[in-house]
Amino acid sequence: MRPVRCFTCGKLLADKYDKFEERVKRGEDPARVLDDLGLKRYCCRTAVLTSVDFSDEIAKFKK
Amino acid sequence: MEIEIRKLDGNEMEFVLSGANPAFANSIRRAALRDVPIMAIDEVEFKVNDSAMYDEIIAHRLAMIPLTTPAKGYQLPSECGCREGRCEKCSVDLELKAEGPGMVYSESLKPSDDEVRPVSGSIPIVKLENGQRLELVAIARLGFGKDHAKWQPGIVAYKYMPVLEFDPKLCNACGDCVKACPKGILEVVEKRVRVKDLTQCTMCKACVESCSSEAVRVSGDPSKFIFRVESTGTLPPDQIILRAIESLREKFEEFPKLVKKL
């Protein structure tokens, strides 16, 4: 699961991951998408750009 | 002392505080981050969790979801008579019942008081596979940023008002500084250099370094502060500052009483 907030500044990021992935998958420039989502500080930009969600892989195993 | 609000737009606010000193400005900043009580999920009772994530992972995610804080009406758990932090005067219940397949979003949280709800409904909490169920009651309480980052209402930062001086005797309006400025806030107007927006200056001194005649001087005014407040949505930004000042006032009112007892 991707972090709910930016580790450094605490800005809410969770509601932006879906939009970011979808637009980048469609071919848009990630920098432009980050700007549009209102992520000005590089702490937030880094979190959205580099967080990886592997919960689908984890889901294959029993708890 | 004077305050001039330059921008108040949704969750963001920018104001200039003049006639103050750095200690005062910093006190406001610190109080805003750590002493303003806001709502956040503080305890989760799980009834059913079939998801791939452990209870505590989901509980942590729920805690980090920013919730709106009502203007008044709730007591701090430490001050509430119920001593268990579960009564309706000091806590709000948010129920969640979901079944897969699909992602569970924050909109599925149903509060017992509609004034305490997630700031955004599209926060993913956990993904459920076919047949998996999630049933829980999340208890939200007031708390302070100094105890946990989930209770931080937003961020507050300030910088000195920049002071840019161009010596008219040395400046030949060559425009080197205009090109060097990374923020592009300088321009040459009628053989003199003019600043377009002083608040955008980061005092990086690229203009000073680029000037071959040493005509530029950059400094900061330690009595004038440009504040930026960015709320997570829990409280409006002006309320964050007002409540920060209120908490400072309470401390200053209590301190002389304690000193007198010595």
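Sequence lines, in order, name chains A and B. Letter by letter, the first sequence follows residues 106 to 168 of this note's numbering. Letter by letter, the second sequence follows residues -19 to 242 of this note's numbering. Built from N, CA and C at the ideal position, the CB exists for glycine as well.
Reduced DSSP category for residue i - H, G, I as helix; E, B as strand; rest coil
i	result
Leu222 of chain B	helix
Tyr54 of chain B	coil
Phe205 of chain B	strand
Ser88 of chain B	helix
Arg150 of chain A	helix
Ala78 of chain B	strand
Pro216 of chain B	coil
Lys240 of chain B	helix
Val(-4) of chain B	strand
Pro98 of chain B	strand
Phe112 of chain A	coil
Arg137 of chain A	helix
Leu114 of chain B	strand
Val157 of chain A	coil
Reference residue i; option with closest CA among the options
i	options	result
Leu228 of chain B	B:Phe4, B:Phe(-5), B:Glu87	B:Phe4
Asp156 of chain B	B:Glu(-16), B:Ser190, B:Gly111	B:Ser190
Arg66 of chain B	B:Gly82, B:Val24, B:Val106	B:Val24
Pro46 of chain B	B:Leu89, B:Met83, B:Lys77, B:Gly53	B:Leu89
Val72 of chain B	B:Arg113, B:Lys240, B:Met19	B:Met19
Val16 of chain B	B:Gly213, B:Leu122, B:Asn152	B:Leu122
Arg9 of chain B	B:Ile(-17), B:Glu79, B:Gly134, B:Val158	B:Gly134
Asp123 of chain A	A:Cys114, A:Pro108, A:Gly115	A:Pro108
Leu13 of chain B	B:Trp131, B:Leu42, B:Cys60, B:Gly61	B:Trp131
Pro98 of chain B	B:Leu238, B:Ala224, B:Lys231, B:Gly213	B:Gly213
Ala129 of chain B	B:Ala43, B:Thr49, B:Phe26, B:Lys241	B:Ala43
Glu109 of chain B	B:Met83, B:Cys161, B:Phe124	B:Met83
Val168 of chain B	B:Asn152, B:Leu178, B:Pro162, B:Val136	B:Asn152
Residue i, buried or exposed, once every other Cβ within 10 Å from all chains shown has been counted against 16
i	result
Phe235 of chain B	exposed
Ser211 of chain B	buried
Pro81 of chain B	exposed
Leu56 of chain B	exposed
Gly(-1) of chain B	exposed
Phe205 of chain B	buried
Tyr34 of chain B	exposed
Gly111 of chain B	exposed
Cys187 of chain B	buried
Gly115 of chain A	buried
Residues that residue i bridges to, as DSSP identifies them
i	result
Arg172 of chain B	B:Val169
Leu118 of chain A	DSSP lists no partner for Leu118 of chain A.
Ile21 of chain B	B:Ala120
Pro2 of chain B	Beta-bridge pairing links Pro2 of chain B to no other residue.
Asp73 of chain B	B:Ile119
Ser211 of chain B	B:Gly134
Lys107 of chain B	B:Met83
Lys(-13) of chain B	B:Glu(-6)
Leu13 of chain B	Looking at the DSSP assignment, Leu13 of chain B forms no beta bridge with any residue, so it has no partner.
Any non-hydrogen atom of the ligand GTP closer than 8 Å to residue i Cβ
i	result
Val158 of chain B	The model on display carries no ligand, and the ligand GTP is accordingly not part of it.
Entirely enclosed alpha helix (DSSP H) segments - the stretch 120 to 154 of chain B, minimum 4 residues: Listed in chain order, nothing qualifies, since the stretch 120 to 154 of chain B has no complete alpha helix (DSSP H) run of 4 or more residues.
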